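Q: Can you read through this structure? Questions will come right after.
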Amino acid sequence: MNPVLFSLLFIFGACIGSFLNVVIFRLPKNMSLFVPASHCFACKTPVKISDNIPILGYFILRGKCRTCKTSFSSRYALVEFFSAIITCLIFFIFNFSEYFFIYTSLTYALIAITFIDLDHLIIPNGFILLGLFSIFILYFFKFIPLEWKDGLLGAIVFGGFLFLLGFFGELILKKESIGFGDVKLGIVLGGLIGFKSSVLALYLSFFAAAVGIVFLMGLKKINRSNPIPFGPYISLGSLLTILTSTQNGENIIINWYIRTMF
Ligand SMILES: [Zn+2]
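Under our numbering, think of the first position of the sequence shown as 87, with each following residue one higher.
As structure tokens, then:
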């Protein structure tokens, strides 16, 4: 545990989170990710560099534009903080192994996907194409410590299960439940985490969805007629699977389950 290294990772993660905020806001609107620079949505005044510090910027400005005092969401700071913490956690578990680079990149993408899905109920195809391209490179050059057959089986199980569920869900409920975007995301995730982890990630996704939906209904935030984005739950299930994995390719929950059951 090196405090300097962890601080640097935290700052790095917060900066990535800052970029993810831009992606979340601009990508679904087909806006450029790089120009113009950050500015107030109300008065268009550019954010000063000294106010644009990840996480801290929100507190320096007390959540309001310096010029016109219009409030902005604390979600920006939360996304930055979450990216920072996750970067440190993944380093804590995997050190600078291949897993660190694969899982941090994957988690950053999942954070963006989650908030875009919550805001717009879509998972942009760009993420899927980038994911498929990464999978091809990772397995072709053997940068990923998994057998390609394991990845293929993971993709079939993760994507296939969501597809079947969406198909029968639509037959029974007469409305779209799990969209094709979720199926494509499942294929990419399964390809990256392999068969065993895919089964666990699916299980945790549905568990998270059940808890989340009951909770939101209890708070009267949603009712039966609301469309429920499933991408955030798939992302959460996959993230929990990653965070319970170990450097030698095992998983704490799967091992515990096998020990308890057999
Ligand atoms: Zn303003």
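The C-beta atom is built at its ideal place from N, Cα and C for all residues, glycine as well.
Source: prediction; values computed, not measured.
Do you know offhand how far GLY237's Cα is from TYR289's?
A: As a first step, residue 237 must be located in the sequence shown, where it is residue number 151. As a first step, residue 289 must be located in the sequence shown, where it is residue number 203. If you take the alpha carbons of GLY237 and TYR289, they lie about 18 Å apart.
Q: Please give the ranges of any alpha helix (DSSP H) in the region 175 to 226, keeping only runs that are unbroken, at least 4 residues long and fully inside the region.
A: Listed in chain order, the complete alpha helix (DSSP H) runs (minimum 4 residues) inside the region 175 to 226 are 184 to 206, 211 to 226.
Q: In this structure, how does DSSP classify SER104 when only helix, strand and coil are distinguished?
A: Here residue 104 refers to the residue found at position 18 of the sequence shown. Helix.
Q: From this set, PHE301, GLY323, CYS174, which residue's C-alpha is nearest VAL90's C-alpha?
A: Counting from 1 along the sequence shown, the entry for residue 90 is found at position 4. Cα-wise, what sits closest to VAL90 is CYS174.
Q: Using the rule of at least 16 other Cβ atoms within 10 Å of the residue's Cβ for burial, across every protein chain shown, is LEU201 buried or exposed?
A: As a first step, residue 201 is located in the sequence shown; it is residue number 115 there, counting from the start. For clarity, residue 201 is Phe in the given sequence; the question names Leu instead. The residue is buried, with at least 16 neighbouring Cβ atoms inside 10 Å.
Q: Checking 8 Å against the spacing of the C-beta atoms, do PHE167 and ILE197 come in under that value?
A: Counted from its first residue, the sequence shown places residue 167 at position 81. Counted from its first residue, the sequence shown places residue 197 at position 111. No, the Cβ-Cβ distance between PHE167 and ILE197 is not below 8 Å.
Q: Quick check on ASP268: buried or exposed, where buried means 16 or more other Cβ atoms within 10 Å of its Cβ?
A: For the purposes of this step, residue 268 is taken as the residue at position 182 of the sequence shown. Under this definition ASP268 is a buried residue.
Q: Might you give, ordered along the chain, the residues of its own chain that have their beta carbon closer than 8 Å to the beta carbon of ARG112, omitting 5 neighbours on each side?
A: The residue given as residue 112 occupies position 26 in the sequence shown. For ARG112, where only same-chain residues beyond five positions count, the Cβ hits under 8 Å are SER118, LEU119.
Q: Note the first and the last residue of the continuous alpha helix (DSSP H) segment covering ASN341.
A: By one-based count along the sequence shown, residue 341 stands at place 255. Run containing ASN341: 338 to 347, per the alpha helix (DSSP H) assignment.
Q: Would you call THR346 buried or exposed, if buried means 16 or more other Cβ atoms sit within 10 Å of its Cβ?
A: Residue 346 sits at position 260 when you count from the first residue of the sequence shown. Exposed.
Q: Given a threshold of 16 other Cβ atoms within 10 Å of its Cβ, counted over all protein chains shown, does GLY304 qualify as buried or as exposed?
A: Position 218 of the sequence shown, counted from the first residue, corresponds to residue 304. GLY304 is exposed by the Cβ-count criterion.
Q: To the nearest angstrom, how far is the alpha carbon of ILE230 from that of MET87?
A: Position 144 of the sequence shown holds residue 230. Position 1 of the sequence shown holds residue 87. Taking the straight line joining both Cα atoms gives about 25 Å.
Q: Is GLY276 closer than 8 Å to VAL243 when the C-beta atoms are compared?
A: As a working note, residue 243 is residue 157 in the sequence shown. As a working note, residue 276 is residue 190 in the sequence shown. Their beta carbons are under 8 Å apart, which means VAL243 touches GLY276 by this criterion.
Q: Using 8 Å as the threshold, is the region 257 to 272 in touch with the region 206 to 214, meaning 3 or more CB pairs across them?
A: Yes: the two stretches touch, three or more of their Cβ pairs being nearer than 8 Å.
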